[in-house]
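Asker: Following the numbering used here, the numbering of the sequence shown begins with 45 at its first residue and continues without gaps. No residue lacks a Cβ here, since even glycine has one placed at the ideal position from N, Cα and C.
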Amino acid sequence: MLFCRELENNQSVITFNPNVVMVSQVIKEKISAECLINMSFFAARDKVNVSIPEIDEAKEWLKNQIMQMIGPGTRMFTYAENKIASDDKLKAYLLSVANNADFNISDISTQMIKENIPQDLLKVILGSDTISEQDKDRLRKEHSLSKPKTDFIHSVNNERGREQYSMTSESQSRGTRRIFGLEAVLYEVFSRNGFLTIDEI
Numbered sequence: 045m046l047f048c049r050e051l052e053n054n055q056s057v058i059t060f061n062p063n064v065v066m067v068s069q070v071i072k073e074k075i076s077a078e079c080l081i082n083m084s085f086f087a088a089r090d091k092v093n094v095s096i097p098e099i100d101e102a103k104e105w106l107k108n109q110i111m112q113m114i115g116p117g118t119r120m121f122t123y124a125e126n127k128i129a130s131d132d133k134l135k136a137y138l139l140s141v142a143n144n145a146d147f148n149i150s151d152i153s154t155q156m157i158k159e160n161i162p163q164d165l166l167k168v169i170l171g172s173d174t175i176s177e178q179d180k181d182r183l184r185k186e187h188s189l190s191k192p193k194t195d196f197i198h199s200v201n202n203e204r205g206r207e208q209y210s211m212t213s214e215s216q217s218r219g220t221r222r223i224f225g226l227e228a229v230l231y232e233v234f235s236r237n238g239f240l241t242i243d244e245i
């Protein structure tokens, strides 16, 4: 254990494990004062300008291990497409899943294509405060976005033998797209030994 946070009279009291984390009393009091009832310990710790390597290492570990929550509206297939474009191991894993599920999918091809952004939409995007300045600068120069385009190769045995057909991702069923997205996320969780919260699939 690195620290313990308890509430006493609606105020946070932070206790650090003295065997692991060395923090002065002044720093403890500052962090406790910053740690409001509706605030995480780590947000309060960030407000105090001090080096606490053990705590900072734990924070980085959590940041890297806890993945974004998945809900019914999460666009997991888009996540899978972006990952497949650069990760051959993930692609091989997803093809194995498709083979085991008997989807008749023998290959997946994902390419990143550039799509021009209409001027009125570009203005809206550049006005957003959720996009980094670096991304805004790139959009101002390029006026385009990169997006994945995925095709599925279906193999079918018929009276003519084995035939292959290329089909767009949009022509796949919602279930197939959802399974590919979910499996891509699970692959990532297991690969990095992370945590994933799913609120309804």
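To the nearest angstrom, how far is it from the Cα of Asp146 to the Cα of Gln109?
Answerer: Roughly 32 Å separates the two Cα atoms.
Asker: Which partner residues does Asn206 have in the DSSP bridge list?
Answerer: As written in the sequence, residue 206 is Arg, which differs from the Asn given in the question. Note: Arg206 sits in a beta bridge opposite Asn201.
Asker: Taking Cβ positions, are Leu240 and Ile114 nearer each other than 8 Å?
Answerer: In this structure, Ile114 lies closer than 8 Å to Leu240 by Cβ.
Asker: Put Glu177 into one of helix, strand or coil per three-state DSSP.
Answerer: Glu177 sits in a helix when the DSSP states are folded into three classes.
Asker: What is the DSSP secondary structure of Val94, counted as helix, strand or coil?
Answerer: coil
Asker: Hey, out of Ala142, Ser172, Arg236, Met156, whose CA is closest to Gln216's CA?
Answerer: Ala142
Asker: Confirm, please, whether the CB-CB distance from Leu183 to Leu166 is below 8 Å.
Answerer: Yes.
Asker: Spatial neighbours of Val64 within its chain, please: C-beta separation below 8 Å, excluding the five flanking residues on both sides.
Answerer: Met45, Leu46, Glu98
Asker: On the DSSP letters alone, give me the boundaries of the beta strand (DSSP E) that Val57 sits inside.
Answerer: 55 to 60
Asker: Given the structure, does Lys107 come close to the ligand PLP, in the sense that its CB is under 7 Å from one of the ligand's heavy atoms?
Answerer: The ligand PLP is not part of this structure, which contains no ligands at all.
Asker: Pull up the distance between the alpha-carbon of Ser210 and that of Asn201, whole angstroms please.
Answerer: Looking at the two C-alpha atoms, the distance is approximately 15 Å.
Asker: Considering just the uninterrupted stretch of the alpha helix (DSSP H) at Met120, what are its terminal residues?
Answerer: 120 to 128
Asker: Where does the unbroken alpha helix (DSSP H) through Ser150 begin, and where does it stop?
Answerer: Careful: Ser150 lies outside any alpha helix (DSSP H), inside the beta strand (DSSP E) at 149 to 160.
Asker: For the alpha helix (DSSP H) containing Arg221, name the first residue and the last one.
Answerer: 218 to 235
Asker: Starting from the C-beta of Glu159, find all residues in its chain whose C-beta is less than 7 Å away, skip the five residues before and the five after it, and write them out in chain order.
Answerer: Ser188, Leu189, Lys191
Asker: Could you name the residues of the same chain whose beta carbon sits closer than 6 Å to that of Gly238, not counting the 5 residues immediately before and after it, in chain order?
Answerer: Gln109, Met111
Asker: According to DSSP, is Leu80 helix, strand or coil?
Answerer: coil
Asker: Ser150 and Ile197 - do their beta-carbons sit closer together than 8 Å?
Answerer: yes
Asker: If contact is defined by three or more beta carbon pairs under 8 Å, each pair taking one atom from either stretch, is the region 72 to 86 in contact with the region 47 to 62?
Answerer: yes
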